[in-house]
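Structure record follows, encoded as structure tokens.
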Amino acid sequence: MTAPLIDFKHVTFKYHAQAEPTLHDLSFQIYPGEKVLIAGASGSGKTTLLRLLNGLIPQAYPGDVSGSLTLNGQDILDQSLFDLSLQAGTVLQDSDAQFVGLTVAEDIAFALENDHQPVGKIKTAVSKWAKRFGLGERLDLSPQALSGGQKQRTAMAGVLVDDGKLLLFDEPLASLDPAAGAAAMAMIDKLQTERDLTVVIIEHRIEEVLNANVDRVIVMSQGRIVANGTPTKIIQSGILSQNGLDEPLYIQLLRRAQIDITAIPRISDVKAVDVSQHKLAIEQLKQTVKRDRHLTPQLIIEDLDFSYERSQPLFKQFHTVINQGEILGIVGKNGSGKTTLSHLLTGFLTPDSGDILLDGTSVLQQSIKERADHIGYVLQNPNHMITKTTVFEEVASGLILRHVSEDEIEARVRRVLKLIDLDSMRHWPISALSFGQKKRLTIASVLVLSPEILILDEPTAGQDATHTANLLKFLSRINHNEQTTIIIITHDMHLLANFVQRTLVIVNGQLIGDTTPAELLANEQLVEMASLCTTSIYQLAARLDISHPEELNAAIVTEPVWNP
Amino acid sequence: MNNLFGYKKRNTWLNHTTGTSKLVGFLLLTTMGMISYDTRFLFALGLFAVILMQTAQIKYREYAVMLKLVLIFAVINLVMIAVLAPQYGTQLYGTRHVVFGSGYWSITQEQLFYEFNLLLKYLFSLPLAIILLFTTNPSEFSAGLNKIGVPYKIAYAFSITLRYIPDVQSDYHTINLAQQARGYEISKKASLKNRAKGAVQIILPLVFTSLDRIETISQAMELRRFGRQKQRSWYQEQSFSIRDVCMFIGSLIIVGIGVALLIHNGGRLYNPFK
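Sequence lines, in order, name chains F and Y.
Mapping of the first sequence onto my numbering: position 95 corresponds to residue 91, and the numbering continues sequentially without gaps.
Mapping of the second sequence onto my numbering: position 61 corresponds to residue 708, and the numbering continues sequentially without gaps.
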């Protein structure tokens, strides 16, 4: 038997800044050539584990380690961050911040430059790796001119240029749209087979990562390893949903059909699993897709023209109607105008011509501040919005600036805080909140102004299944109780399939689709144009030759997220 | 390409010269020009710099803003000298030819001549600086700094700043709009005081976002061994060629002329009043 590449024995780790250990008694091995997924909800310790592997612990994050941990038979703790980086390349979650060069070429060259290699040799290596990742034509481009997928490929080339044999990915799907995510997974799979790499992927989105044909899944929860086995074994054990992770959608479907998945071989691969004898049971799950019940027009966008530069119009005669009380999703690939549209609605941008009518009145003459009273906008990054130091102050600030009386402020803020379960924390400093709590806080501070329409930009980005479920519960509550119209800009397929009632597909400023998410996902052409990806339910339906897969999708959404 | 400082790919010999030689040439010429007060030398140097700028194919509109800023600054500087030390020219040249006025505040030919020399210094160094910035790839500029002895960690800071300025600008823009939506009036409708108050609200989130970013960047850099060796190589560095040798020799010849004039004049001043 070959020696393990990574060998952890009873490793416990505590950050100096914390009272309790973050990792408890971890023991596992990873062998050369394996592709391993380390899955876990937020706070499960998976990022800490990654930092132990690449040397950021203890160099950048000091703490106490006990137990033994080796890489290639050598003690990891004896080696410097630099030594480790020659053996293990890390692709960070934020491919934009990871991009340190002024151009693609310089970013790929960065590690070799730091090794003080001769320039001629660096140039050969850069052109070789750029070609392999399809970046050959883009060597002179700045990061601002690249898509998320291209940035991530640059990052991969930038670590593989070392010819290291171990590649570590920190949430590679987090900053990509579904199509780019699927392409990245295929790329990882291909690289690994071609170059005999060992790959460790840290992720919580199981459905997508399984496409990369991982050999093994290690499930973490609260700093401990709770399961370690082949994807099939892990899925059969049902341990994912017990630990705050979403099972792949087709597995959820099979479970709902009461199929005993422990008896089915190759259950982890939707492209290979054989469930044809259960076709009938699966088909019986079909549920008619609920139609849009909201018919009162609330926001009318009329013949809107807009361009950043005169020569390149983005929106031309854009026209759509948003109805009172609906939950609307806006999808489309990056740079196609989704965010621009929300900026036009909130007054951040002014259209060249056309009109935006709210309840029959034009809003174009209103300032950003005035418009925010009616149309609330929650940015993707909560740090862009938070200006105060405590939870209460943050939520109250919008009301104070609108000269609302003190008693009313107290009442309104407390009401909103109760709605989002932050009331007990209202005196907490914001710095003590988690990312998910900050996100909810920014929603609260917009909601307190009682807007009729709430626009959310990627509300689920960077949140695991549990947090997403909580957020959705809360959103459907306000949609139901306050009749707030909700507009969500998203790439998140689960959010789209399970929560949104109507979707607008915008590509290059054109409205190319206006339909229910279920029908959108059943339409391959639209899916591709929007840079989305069909979910595994649609793949399974196609393999079983089941028509109207959207009706199957409706089956796993039967539980209303909020029960009034 | 990142062209915050006007760098553009232009196919001229100045673009093909290495950043190091341009930097050295720039330093040699400006140092000599700053030392010398010989009007003939400064004038010739200015003419030379303008001709160089022509060969670099830099258009007027590309540097118009820079030129205006420098001219405004130069004028302010000259006026301040005239106000604070109106007799400095007389002291320097040892003679006194009054043009008009009397006593301490009189304007002398010597003072005017001295300030004319100062103006020439601005006028020759600006084109040289423009050439350096506009024809040198920012990363190559860092490489040049490193080559002449600036530690690479400091030289690299120049590149990394250029890399992230557009990101910080866009963060600033987003935060600004988000705060306006919250109710801080920063638009022209509000009073100056309220706008200032609103602007302060942008700083805190901007600092937090930037700190997050810095943490990730420094990790990304360390994970790719930035700081491991005493030296690093530079991808954008061009190889030395005959052009670079010419640039060295050319700069040295000009410095030589300057030094010869220093000796001939018996000091830094060229004195037409004697």
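Yeah, the Cβ is synthetic: ideal placement off N, Cα and C, and Gly gets one too.
In chain order, V412 place their CB closer than 6 Å to the CB of L443 of chain F, counting only its own chain and leaving out the 5 sequence neighbours on each side.
Straight-line spacing of the CA atoms in S38 of chain F and R201 of chain F works out to 12 Å.
I118 of chain F belongs to the set of residues whose beta carbon lies under 8 Å from a beta carbon in chain Y. Using beta-carbon distances, T667 of chain Y does not count as an interface residue toward chain F, since no partner is under 8 Å. P919 of chain Y sits exposed, since fewer than 16 C-beta atoms from the chains shown fall within 10 Å of its C-beta. Judged by DSSP in its simplified three-state form, R687 of chain Y adopts helix. In terms of beta-carbon proximity, A867 of chain Y lines the interface with chain F, with at least one pair separated by less than 8 Å.
In this structure, the CA atom of A825 of chain Y is about 48 Å from the CA atom of A268 of chain F. Using a CB distance cut-off of 8 Å, P455 of chain F does not count as an interface residue toward chain Y. Counting only runs of at least 4 residues, the region 458 to 501 of chain F fully encloses the following alpha helix (DSSP H) elements, listed from N- to C-terminal order: 461 to 477, 489 to 494. Cβ neighbours of I26 of chain F within its own chain (closer than 7 Å, five residues either side excluded): P0, L1, I2, V32, T194, V196. Using a Cβ-Cβ cut-off of 8 Å, D111 of chain F counts as an interface residue toward chain Y, since at least one Cβ of chain Y sits closer than that to its own.
The closest CA to that of N494 of chain F, considering only F:A277, F:S358, F:A550, is found on F:A550. In the three-state reduction of the DSSP assignment, S420 of chain F falls in the helix class, which pools H, G and I. Of the candidates F:A105, F:I198, F:R220, the residue whose Cα lies closest to the Cα of Q89 of chain F is F:I198. Note that the C-beta distance between V157 of chain F and A107 of chain F is below 8 Å. Residue state for M181 of chain F is assigned as helix, using DSSP reduced to three classes. Judged by DSSP secondary structure, A84 of chain F falls within the beta strand (DSSP E) whose first and last residues are 84 to 87. In chain F, no part has a C-beta under 8 Å from the C-beta of Q816 of chain Y; the shortest such distance is about 10 Å. By the CB criterion at 8 Å, M216 of chain F and G36 of chain F fall inside the cutoff. In terms of CA proximity to L295 of chain F, F:N319 leads the group F:W125, F:N319, F:D111, F:L310. Residue pairing from DSSP places L354 of chain F in a beta bridge opposite F:L295, F:T357. For the 8 Å CB-CB criterion, Q479 of chain F and L467 of chain F do not form a contact.
When DSSP reads this structure, M216 of chain F sits in a beta bridge with F:G36, F:I221. Taking 8 Å as the CB threshold, H315 of chain F stays off the interface with chain Y.
DSSP lists F:P425 as the bridge partner or partners of T386 of chain F.
In the DSSP assignment, K5 of chain F falls within the beta strand (DSSP E) that extends over 2 to 11. Under the three-state reduction of DSSP, K312 of chain F is assigned to strand.
If the five residues before and after V503 of chain F are omitted, its C-beta is found closer than 6 Å to the C-beta atoms of G328, S332, M525, all from its own chain and listed in chain order. Interface criterion not met: the Cβ of F895 of chain Y is under 8 Å from no Cβ in chain F. Taking a C-beta cut-off of 8 Å against chain F, the contacting residues of the region 794 to 810 of chain Y are S806, I807, L809, R810, listed in chain order. For H663 of chain Y, no beta strand (DSSP E) segment is defined; the enclosing uninterrupted segment is the alpha helix (DSSP H) at 660 to 663. Unbroken alpha helix (DSSP H) runs of no fewer than 4 residues, entirely contained in the region 46 to 76 of chain F, are found at 52 to 55, following chain order. DSSP places T335 of chain F inside the alpha helix (DSSP H), whose first and last residues are 334 to 342. The C-beta of R890 of chain Y comes no closer than 8 Å to any C-beta of chain F.
For L851 of chain Y, at least one C-beta of chain F is nearer than 8 Å to its own C-beta.
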